[in-house]
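S.K.: Just so you know, the protein sequences line up as chains W and A, in that order.
170 is the number that this note's numbering gives the last residue of the first sequence; the numbers go up by one with no jumps.
1087 is the number that this note's numbering gives the last residue of the second sequence; the numbers go up by one with no jumps.
Cβ atoms here follow ideal geometry from the backbone N, Cα and C, with glycine treated the same way.
Quick one: this structure, given as structure tokens, is what I'll be asking you about.
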Amino acid sequence: MSMSPGVRRFALTAHVTISVGWLGAVAAFLVLAVSGLTNHDPQTVRAVYLAMELLGWCLIVPLSFGSLLSGIVQGLGSPWGLLRHYWVLIKLLITPLATLVLLVHMQPIQHVAEVARHTLVSRADLSEMRLQIVVDAAAGALVLLVATALSVYKPRGVTAYGRREATVTS
Amino acid sequence: MYRKTWVRNMENNEDSQSVAKKAFPNPSNRRPAASEPTPRWVVVFGVVAGALFLCFVVLHLTGHGFGHHRSGSKAPEHVESGLGKIP
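Printed below as a string of structure tokens:
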């Protein structure tokens, strides 16, 4: 599949916007998670976890799927390919893995938000689960930073598949 | 004047890119050697990622992760009893 330069630029713009948006949303999520863990005011804590549930389902999950989809389109439609270069291949592995882990870890977020919806959460309540949410958000932000850095630096390295393909086409 | 120069530069850039792509399908403009070794950064990345993944799996399997059913993960008592419930 090959795209015209105009379409390719549009697809690249969409992919960069969605992926960086995902990173920004996760950063906001991390700030809320830390605030929810450390804040003393029960009303603020309640608001924080309700906002996190909304942010997770309405922004982070759609952006993760959007990033994966637009990345696949970008890889298939550009000369970089999907499996030719190590940096693209690693991003292709990182993104679905991050999406899967995100979906699994939406459960504790939803649970804490459910509790916060019906009651005031004190600092001692659900402490391990709230700490888990902070660690997950930090790990997610780190993974997305790595993916962003790979996209910007595009470190050299052609996979065995890419070498075979280059030999066939040359 | 400025715009004309800019457009010309963009066209030249596009042309040189197209030529490079035709000459070398590899976008890094470098034809890969047939038996190129795996780059060091890929090996280091793989080792670090593998170690982190192993840690994650071991922590979860041994129950040292952040479990959902640990004492600190219990929902507040007043959720079940209804005390302190928000109307």
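Three-state secondary structure (DSSP) at residue 158 (chain W)?
M.R.: The answer is strand: DSSP assigns residue 158 (chain W) an E or B state.
S.K.: Output, in chain order, the set of chain W residues within a Cβ distance shorter than 7 Å of residue 1042 (chain A).
M.R.: Correct list: 86, 157.
S.K.: At a cut of 8 Å, does the stretch 114 to 121 of chain W reach the stretch 40 to 51 of chain W through at least three beta carbon pairs?
M.R.: With the cut-off at 8 Å, the stretch 114 to 121 of chain W and the stretch 40 to 51 of chain W touch.
S.K.: Kindly identify the DSSP beta-bridge partner or partners of residue 85 (chain W).
M.R.: Paired residues: W:158.
S.K.: Looking at the C-beta of residue 163 (chain W), does it have a partner C-beta in chain A at a distance below 8 Å?
M.R.: Chain A, which has a Cβ nearer than 8 Å to the Cβ of residue 163 (chain W), makes this yes.
S.K.: Look at residue 1042 (chain A) and residue 157 (chain W) and say whether their C-beta atoms are less than 8 Å apart.
M.R.: Closer than 8 Å, so yes.
S.K.: Just to confirm my understanding: we take residue 21 (chain W), look at its own chain, exclude 5 residues before and 5 after, and list those with CB closer than 7 Å. What are they?
M.R.: For residue 21 (chain W), where only same-chain residues beyond five positions count, the Cβ hits under 7 Å are 63.
S.K.: Determine the chain A residues that contact residue 90 (chain W) at a beta-carbon separation under 7 Å, and present them in chain order.
M.R.: The answer, in chain order, is 1045.
S.K.: To the nearest angstrom, report how far apart residue 85 (chain W) and residue 133 (chain W) are at their CA atoms.
M.R.: Approximately 33 Å, taken between the alpha carbons.
S.K.: Please report the Cβ distance between residue 141 (chain W) and residue 23 (chain W), rounded to the nearest whole angstrom; I am assuming they are in contact, meaning their Cβ atoms lie under 8 Å.
M.R.: The pair is a contact, with the Cβ atoms about 7 Å apart (cut-off 8 Å).
S.K.: Distance check for residue 91 (chain W) and residue 153 (chain W), CA to CA, integer angstroms please.
M.R.: Cα to Cα, residue 153 (chain W) sits roughly 13 Å from residue 91 (chain W).
S.K.: Measuring CB atoms only, is the stretch 2 to 18 of chain W touching the stretch 109 to 118 of chain W, in the sense that at least three cross pairs come out at less than 8 Å?
M.R.: With the cut-off at 8 Å, the stretch 2 to 18 of chain W and the stretch 109 to 118 of chain W do not touch.
S.K.: Starting from residue 13 (chain W), follow the alpha helix (DSSP H) in both directions and report where the run begins and ends.
M.R.: Counting along the chain, the alpha helix (DSSP H) containing residue 13 (chain W) begins and ends at 5 to 38.
S.K.: Answer with buried or exposed for residue 1040 (chain A), where buried requires no fewer than 16 other C-beta atoms within 10 angstroms of its C-beta.
M.R.: Residue 1040 (chain A) should be labelled exposed.
S.K.: Do you know offhand how far residue 126 (chain W)'s Cα is from residue 150 (chain W)'s?
M.R.: Residue 126 (chain W) and residue 150 (chain W): Cα-Cα distance of roughly 36 Å.
S.K.: Decide if residue 1050 (chain A) is buried, meaning its Cβ has at least 16 other Cβ atoms within 10 Å, or exposed.
M.R.: It counts as exposed.
S.K.: Write down the C-beta distance between residue 159 (chain W) and residue 89 (chain W) rounded to the nearest angstrom, noting that I regard them as a contact closer than 8 Å.
M.R.: Their Cβ separation, rounded to whole angstroms, is 6 Å, which keeps residue 159 (chain W) and residue 89 (chain W) in contact under 8 Å.
S.K.: If you run the structure through DSSP and keep just helix, strand and coil, what is residue 127 (chain W)?
M.R.: Residue 127 (chain W): helix per DSSP, three-state reduction.
S.K.: Less than 8 Å between the C-beta atoms of residue 72 (chain W) and residue 102 (chain W), yes or no?
M.R.: For residue 72 (chain W) and residue 102 (chain W), no; Cβs fall outside 8 Å.
S.K.: Measure the C-alpha to C-alpha separation of residue 49 (chain W) and residue 138 (chain W) and round it to an integer number of angstroms.
M.R.: Those two C-alpha atoms are separated by around 16 Å.
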